[in-house]
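S.K.: Before I ask anything, here is the structure I am working with.
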Amino acid sequence: MTVCTELRRQGPGIGQDPHSRALWCGHERQWERLCELLDRAAGSGGGGILLVEGPPGAGRSRLLADVAQAASARGLSVARGAADEVRSAVPLAPLAAALGADLDTSPDGTASVSRLIGHLRSHVEERLRRAPTAVVIDDLQWADPATLAALVMLVSRFAPRPLVWVLARRVGAGSRADDRLFRQLRLAAGADLVSLGPLPGPAVRQIATEVLGAVPAPELIALADGADGNPAALVALIEGLAEDGAVHISDGTAHFAPHAEQGRPPRRFGKLVRERLDMVGAPTRLLLDVAAVLGPSCAPDDLSHMLADPVASVLPALQEALDSRILVCEGDNVAFRHELVRLALLSTIPSPLRCALHRQAADMILGRDGGLLSAATHLVHGARSGDGRAVDVLGRAAAEIVASEPGPAAELALRALEIAGPAEPAPDAVTDTAVEALTRAGPLPRAVALATDALARPMSPDRSTFLRHWLSTGLLLSGRCGEAVAAAEQVLDGSTGPSWPHDEALANRVFGQLARDGAAAARAADPATGTDLAAEAGGDSEQPPGRLAALAELRWSAGRTGEALNLAREAVKRADSGAPAPWHLPPRLTLATLLCRLREADEAGAVTDALAEEAPASGTWALRGASMILASRAALARGLPQEATELATAGLTAAEQAGVPLHVPLGLTVLAEAALWRGEILAADEQAGRLRDAAREYEGEAARMGRVRADWITAQVAAARADHDGVRAALGDVRRDPEALARLLVDEPTAAVWLIRAARPAGTPELADETARLIAALAADNPGVSALLVTAAHARGVHEADAGALRWAVDEHPDAWSRASAAEDLGTLRGDADREEAVAALDRAMAGYARVDAGRDAARVRRKLRERGVRRRHWTHAERPDFGWASLTVTERSVAALVAQGLTNRQVATQMFLSPHTVGFHLRQIFRKLGIRSRVDLARMDADGTGGQGAK
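The numbering used here numbers the first residue of the sequence shown as 1184 and each following residue consecutively.
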C-alpha cells in the first residue's frame, strides 16, 4: 500500500494531533478531494485549488499545516507564505515570501507589476522542474491587489501542471477584494472550499479531553459549548480553567473543583475575547461593554441612552459589532451571539465600573417605565451596601414573582437582606418574602432558619401568624412533622385574619399528625375543629379541597381505602373548579399518592402527568421531586422500569436539592424493585440500605414505615439469593408488629402476595396466615376498590392453592408485572394437576415478564418450564452476548453513559443512588465486556458514536 493510499484510507487528520482530527470533522469530502489533488500532482497528472476560510481562531493555521504535511508525505515541494496587515502595501509580498523570490531586480529598486509577476512565474517554473509543488498562502484578507491579480494569472497559467494551490483567508476582517478572488476561483477554476465553522460536539469533547488529559465532566462540556466550537477559544477556555484552579481531576475525570464558580469564564478566556476586540474600533468596544452589562439582549435605544448619544451616532459602532458577528439581531433587539462571550467581556470590566454601569442601567429602567424586575436584576449586581432604594426595589420585585417564580424571588429577596445589613435591617416585608420564596423553592432548611430567627423578635399578631404558617409548611415539607404540628397549632390558636392561613395550618396539622402516627390521628379526629370531615364531606359542596385531601389521608390510614379515593377525587374536582387549595398539598398530589399505592397504572399515570403540568404554573418548585417520584411509580406499574428508574433518580435528586424528603422512601423502593426485576441484586441491596438511612431522617409513623419498607426490600434481596434465613431475619419486626404489617399492606397491597409466597420457605407460616387474613379483611372493607379485590384474590390463590382465584388475578390485575406474577403462580400450582394449563400459564408469565424487562423473573419461569420438559427460545431482549455494547445490562449502560460524560465513581453513585464500590464493580464489568482499559477509552467510544460496536 502506498503512502498516499494509506493517508487517504486513514482519514483527515490521521497522523496529526487530536486538534487536527477535530478540525477536519465534517469536512471529510474536502479531505478526500485534497488527497485526490495531491495524489494527482504527485503523479504529475495535474493539480487543483483548495480554498480555506474561517473566523479568527478557527484553526486555519493548524489545518494548513496538515495540508503541508500531507503534501510533503507525497513528495511534493511545499511553498508557504502569508499576507499581513503591515506589509499589505508591498506588492506581491506573500507570493514572494512563499516562493523565496527577490522581487527587487531593477537598479533603482522599482519594477512594473507585470514584470514582477513574470519573475514569480519563473520561480514557479523552476520549482515544478524539480518536483510537483503545493503553494500554501494564508491571510489573504490582507493581500494587496497585485497579489490577488497574480494569483488569478498564475492559477490559470499552471492549471495543467502538477501544482496544488491552497489559499486561505480570515472572514470578517480586511478589505473584501479577496471575496472576488474566492468567488472567481470557485466559479472559473472549480476550486473546492473548506469553510471552518464551529466544531461539532464530539470534536469539542475530544479536544477538551486531550487538553485536560482526562474526560471532561458534563458541566465542563456545557461551558465549553459556549466557545462556539472555535478551537483557539476552546483551548483558551479549557487551559484557563486549569490555570485558575477551577478544574479537579480524579479517577480519570476532569470536573469543576469544589470551590469553583461554575459558568464563570476563566481569566485567559476573557483576555482572548478582549484581544479579539482589537479588530474593532474603540467606540465599538465601548458599546459592547455597555451591552454586556445590559444583558444577553438589549434595545438599541437603551444602548443610546447609556452612551448618552443619539441612536444615529451609535449606529456605526453597532453596525461594526453586528458585522463582526459578536452581536446579532433578535427582533427589535440586539443580542450577544454567545453568552460566554458576554460573560467574558463582563468579567474584564473593572468591578467599580461594572457596578456603576449596573446602577446606571437600573436608574434608566426605573426612570423610563418602572420595570421593577428588570431594574432589580441590575441592582443585584450593582447596589451599594446600605442602599435603601435598592433594598426596596429588590424586595418589591421579589414579592411580585414569589408565587410564580419562587427561585428568582428568593435570590432577589436574599440580596436585599444582604444589602441592608445588620445596622439598618431590611423592611419586614422583605424578610417575609424571602421566607415564602425559600419555602416554595428550597432549600427548606434556610427558609426554616430565617423564619425562626424572625419570630424571635417582637412583631404584630398578623405577621406572627404569617411567618408561623410558612414555618409550619417548611417544617412539614422537611419531614419535621412534630414541629410542624406545633407551629400549625399556634397559627390556629392565633388566626384572626384571612382564612387561608387557618385552612393551610389545619391541613399542615392533619398531615403532620398522620406522618407521626396515622392510626392515632384517625382516632383523635375532632369534628369541632374540622379535622374529621366525614359528615360535611358527604353533603357540603363548599368543603375546601385541602380539607377533603386531609380527610382522604385519614381514611386511608384507617384502612377505608374506597372512601379515601372518593374524597381525593372530589378534592381534585373542586380544586379544578377554582376552589382554593394549599399550594404545598395539592389534592392531585394526594390522589396520585393513593393511586400509586394501589398500582392503578392507567389512572395513576394520567394523574401524575397532570400533576407535572400544573406544578410550574402553581409555583410548587419544592414539590418537583415528589411529583417525579410518583410518576416513576406509575411508570413501573405500566411496565416501564427504565423510565421509572430515570424518573425516580431525577426525583430523588430534586428532592435532595430542595430539602423535601416527601416520597423519598417510595422513590428508593421504585429503584430497588426495578433493579430486582432486572436481576441486579447488588443494586437492590444498595437501595434497601438507603431506605434504612432515609428512615432515620423521619419521625414517628413515617420513620417506622421507612424501616418496614427497608425490611421488605431486604427480604426480597435475600429471597433472590435463596437466603431463607436472611428473609426470616429481615421480616422479624414485621412479624412481631401486626400494626406495622397492616400499614405495609395498606400502602403496598401487592406486598401481601410476596409475603405469603416467601413466608413458608423462610419457616414463618404464621406470617403467611396473618398476611392472608389482613389483605382479605382490607378488601372486604373496601368492596369498591378493584385493585384490592384482585390483590386479595391473588393472595388467596397462593395461600389456599385456589386456581380459580389465580385465574381471575391473571386477567384483572391493574399492573403488568403483577399479571405476570399471577400467571406464574397459576402455572406453578397447576403443574401436576393440568400440565397443559400449567405450561400455557407459564408461557404467559414469561412473555409478561419479558415485556417489562424483568429478566430475572423470566429466567426463573424458563427454568420452571424446562423442569416440565418444555424448552423455549430465550427472548432476544432478555439475552445478551458475552462481549460488546449489547452485552451490558441496563445498569451497566447507565453507568457507562454517565462515566463517558465525565462523572466520577462517586458522582455516578450519587446520581444512581448506589455506592462508589458498586459503581466500581459495574465499571470493571463494562471494561471487560467492551475490551477497553480506561475511562478515556469509554469516552472516545461514546464520542465517536461507536457505542461499543468496535469492541470485540
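In this text, a Cβ means the ideal position worked out from N, Cα and C, and glycines have one as well.
A quick note: this is a predicted structure, and the numbers were derived from the prediction, not measured.
#1: Taking buried to mean at least 16 other C-beta atoms within 10 Å of its own C-beta, is Gly1742 buried or exposed?
#2: Please report the residue range of the alpha helix (DSSP H) in which Gly1550 lies.
#3: DSSP beta-bridge partners for Pro1399?
#4: Determine, using beta carbons only, whether Leu1395 and Ala1437 come nearer to each other than 8 angstroms.
#5: Output needed for Glu1666: all residues of its chain with C-beta closer than 7 angstroms, excluding positions within five of it in sequence on either side, in chain order.
#6: Looking at the unbroken beta strand (DSSP E) that takes in Leu1234, where does it start and where does it end?
#7: Below 8 angstroms on the Cβ atoms is my contact criterion, and I expect Pro1948 with His1907 to pass it. Report the Cβ-Cβ distance as a whole number of Å.
#8: Cys1512: buried (16+ other C-beta within 10 angstroms of its C-beta) or exposed?
#9: Comparing alpha-carbon positions, which option in Ser1244, Val2091, Arg2051 lies nearest Ser2077?
#10: Apply the 10 Å Cβ neighbour rule to Ser2004 and answer buried if 16 or more other Cβ atoms are within range, or exposed otherwise.
#11: Exposed or buried, what is Gln1502 when buried is set at 16 or more other beta-carbons lying within 10 Å of its beta-carbon?
#12: According to DSSP, simplified to helix, strand and coil, what is Ala1789?
#13: Please identify the residue among Glu1856, Arg1447, Leu1376 whose C-alpha is closest to the C-alpha of Glu1826.
#14: Taking the C-alpha atoms as reference points, what is the distance between Ala1265 and Gly1453?
#15: For Gly1228, which of helix, strand or coil comes out of DSSP?
#16: Whose C-alpha, out of Arg2089, Ser2098, Leu2081, is nearest the C-alpha of Val2119?
#17: Check whether the region 1891-1898 and the region 1844-1856 are in contact - that is, three or more C-beta pairs closer than 8 angstroms.
#18: Is Arg2027 a contact residue of the ligand SAH, with contact defined as CB to any heavy atom under 7 angstroms?
#19: Does the region 1573-1585 come close enough to the region 1607-1616 that 3 or more CB-CB pairs lie under 8 angstroms?
#20: What does a CB cutoff of less than 7 angstroms around Ala1762 pick up in its chain, not counting 5 residues either side in sequence?
#21: In chain order, what are the residue ranges of uninterrupted alpha helix (DSSP H) at least 4 long that sit wholly in the region 1338-1367?
#22: Work out the CA separation of Leu1633 and Gly1604 for me, nearest whole Å.
#23: Check whether the Cβ atoms of Leu1303 and Ala1272 lie closer than 8 angstroms to each other.
#24: For the alpha helix (DSSP H) holding Arg1649, just list the boundary residues, first then last.
#25: In the DSSP output, which residue or residues are listed as bridge partners for Glu1513?
#26: Alpha carbon to alpha carbon, what distance is there between Arg2111 and Glu2075?
#27: Quick check: what's the CA-CA separation for Pro1710 versus Asp1676?
#28: Look at the Cβ atom of Pro1765, then the Cβ atom of Ala1867, and state whether they are nearer than 8 angstroms.
#29: Could you give the DSSP three-state label for Val1273: helix, strand or coil?
#30: Opposite Leu1376 in the DSSP bridges: which residues?
#31: Kindly indicate which three-state DSSP category Thr1392 falls into: helix, strand or coil?
#32: Ala2061 to Thr2072, Cα distance in whole Å?
#33: Following the continuous beta strand (DSSP E) through Thr1316, name the residue where it begins and the one where it ends.
#34: Phe2066 to Gln2108, Cα distance in whole Å?
#35: Is the distance from the Cβ of Ala1903 to the Cβ of Ile1939 below 8 angstroms?
#36: State the DSSP-derived secondary structure class of Ile1939, mapped to helix, strand or coil.
M.R.: Per the coordinate set shown:
#1: Gly1742 should be labelled buried.
#2: 1534-1551
#3: DSSP lists Ala1437 as partners of Pro1399.
#4: yes
#5: Leu1658
#6: 1231-1237
#7: In fact, because the Cβ distance is near 13 angstroms, the residues do not count as touching under 8 angstroms.
#8: Counting of Cβ neighbours within 10 angstroms places Cys1512 among the exposed residues, the total staying below 16.
#9: Val2091
#10: buried
#11: Exposed, since its Cβ has fewer than 16 Cβ neighbours within 10 Å.
#12: helix
#13: Glu1856
#14: 28 angstroms
#15: In the structure shown, Gly1228 sits in coil (DSSP, three-state: anything other than H, G, I, E or B).
#16: Considering only alpha carbons, the answer is Leu2081.
#17: yes
#18: In terms of ligand content, the structure shown is empty, and the ligand SAH therefore cannot be addressed.
#19: These segments touch.
#20: Taken in chain order, the residues that qualify are Pro1727, Pro1728.
#21: Those alpha helix (DSSP H) runs which fall completely within the region 1338-1367 and span 4+ residues do not exist here.
#22: C-alpha separation (whole angstroms): 15 angstroms.
#23: no
#24: The sequence shown places Phe at residue 1649, not Arg. Residues 1644-1660.
#25: Residue pairing by DSSP puts Glu1513 in a beta bridge opposite Asn1516.
#26: 12 angstroms
#27: Confidence in Pro1710 is poor, its pLDDT being 43 and thus under 50, which makes the residue's placement unreliable; the coordinate value appears in the next sentence. Each residue's alpha carbon lies about 16 angstroms from the other.
#28: no
#29: coil
#30: Beta-bridge analysis with DSSP links Leu1376 to Leu1234.
#31: Assigned with DSSP and collapsed to three states, Thr1392 falls in helix.
#32: For Ala2061, the predicted model reports a pLDDT of 44, less than 50, meaning its position is unreliable; a value from the coordinates is still stated below. When rounded, the distance between both Cα atoms is 10 angstroms.
#33: Boundaries of the beta strand (DSSP E) around Thr1316: 1316-1321.
#34: 10 angstroms
#35: no
#36: DSSP places Ile1939 in helix when its eight states are reduced to three.
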